[in-house]
Amino acid sequence: MVAWAMLMASLRKAPARLLDLLLPPRCAACGGAVAEAGALCSACWGAIEFLGPPACRRCAYPFEFEIEGQTLCAACSARPPVFDRARAVLRYDDGSRNMLLAFKHADRTDLAPLFGRWLARAGEELLADADLVAPVPLHWTRLWSRRYNQAALLAKLAAGEARRPFFPDVLVRRKRTAPQKAGRAARTRNVAGAFGVPARRRMAIEGRRVLLVDDVRTTGATLEGCARALKAAGASGVDVLTLALVVRPRTIGS
Ligand SMILES: [Zn+2]
Ligand SMILES: [Zn+2]
């Protein structure tokens, strides 16, 4: 009986091994061979710029060097964002773009566990304070065409790593927003009133601290739109965690 159980167990594992032989694991960014699935090759790993201190405490904008007593960037000092704190794993640039696009277009969902671990590490402080974790919602017409919401997948994995409750549906997108509007003011107008908390989810939000998750933060307008809707619904705080951050060069005083 023991031999039979062992034979059955090895047969059950066989398809996965066979698949490994047929489809050798590929690096997410360059497509080169790697030792195990869902990993990056060493060259691509080296090209990624992971973000961390010194940075703005509020928006995670990286500082070139630490300045005694400086906790906020000039932009946050002049106009604080609607969300309370933001953190990001890595910089969106030539070194990370291919990997992020492959994930977005669902070709490389095998990267999700790696990204989930990265998010849990970069967002440790925010996850510890969060009552619940929620994704930036995709408009249903876009969900339909793209088949999955990468923000929801990331939010679920980050919540799982930190054992926090995951709520996929506390926000809804009321109108379809144009994805490529340039400029912060244009983006802010574009998302005004675009997000809302459905009546059946108000109880889950009231008095709770929410951690919002998305794949890439560009101007932050989408995340601010979501944060505004959550705060209007009574959230006690809203933090933001993204895989990537687009770091635009800023001139002094901007
Ligand atoms: Zn590579
Ligand atoms: Zn800042």
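Once you know that position 137 of the sequence shown is 1442 in this note's numbering, the rest is easy, because the numbers rise by one and skip nothing.
Glycine residues also receive a C-beta, built at the ideal position from the N, C-alpha and C atoms.
In this structure, the CA atom of LYS1536 is about 10 Å from the CA atom of VAL1502.
Scanning ALA1504, PRO1418, THR1527 for the CA closest to the CA of GLU1466 turns up PRO1418. ALA1348 has its CB nearer than 7 Å to a heavy atom of ligand 1.
With contacts defined by Cβ atoms closer than 8 Å, LEU1550 and ARG1396 form a contacting pair. At a threshold of 7 Å, ARG1363 counts as near ligand 2, since its beta carbon sits closer than that to one of the ligand's heavy atoms. The shortest C-alpha to C-alpha distance from LEU1459 to any of ILE1372, LEU1416, VAL1477 is the one to LEU1416.
In the three-state reduction of the DSSP assignment, ARG1505 falls in the helix class, which pools H, G and I. Here LEU1328 is exposed. Its C-beta has fewer than 16 other C-beta atoms within 10 Å. Relative to LEU1406, the option among GLU1529, ASP1520, LYS1480 whose CA is nearest is ASP1520. Distances from the alpha-carbon of VAL1518 to those of GLU1511, ALA1504, ALA1425 put ALA1425 closest.
Residue pairing by DSSP puts LEU1517 in a beta bridge opposite ALA1439, VAL1545. Secondary structure at VAL1496: helix, using DSSP grouped into helix, strand and coil. Short note on ALA1334: C-beta closer than 7 Å to some heavy atom of ligand 1. Residue range 1390-1396 is occupied by the beta strand (DSSP E) that includes ARG1396. Contact check for VAL1441 against CYS1531 passes: the beta carbons are separated by less than 8 Å.
By the Cβ rule, the region 1420-1439 counts as touching the region 1467-1476, because three or more pairs are nearer than 8 Å.
At the C-beta level, ARG1507 and ALA1534 stay beyond 8 Å of one another.
Annotation: ARG1390 to LEU1516 spans about 9 Å, alpha carbon to alpha carbon. Here the distance from the Cβ of LEU1377 to the nearest heavy atom of ligand 2 is below 7 Å. For VAL1339, the CB contacts under 6 Å within the same chain, skipping 5 residues up- and downstream, are PRO1330, CYS1332, CYS1346 in chain order. LYS1461 counts as buried, since no fewer than 16 other beta carbons sit within 10 angstroms of its beta carbon. The straight-line gap separating the alpha-carbon atoms of LEU1377 and CYS1361 is approximately 5 Å. If you look at LYS1461, you'll find it in the alpha helix (DSSP H) that goes 1455-1467.
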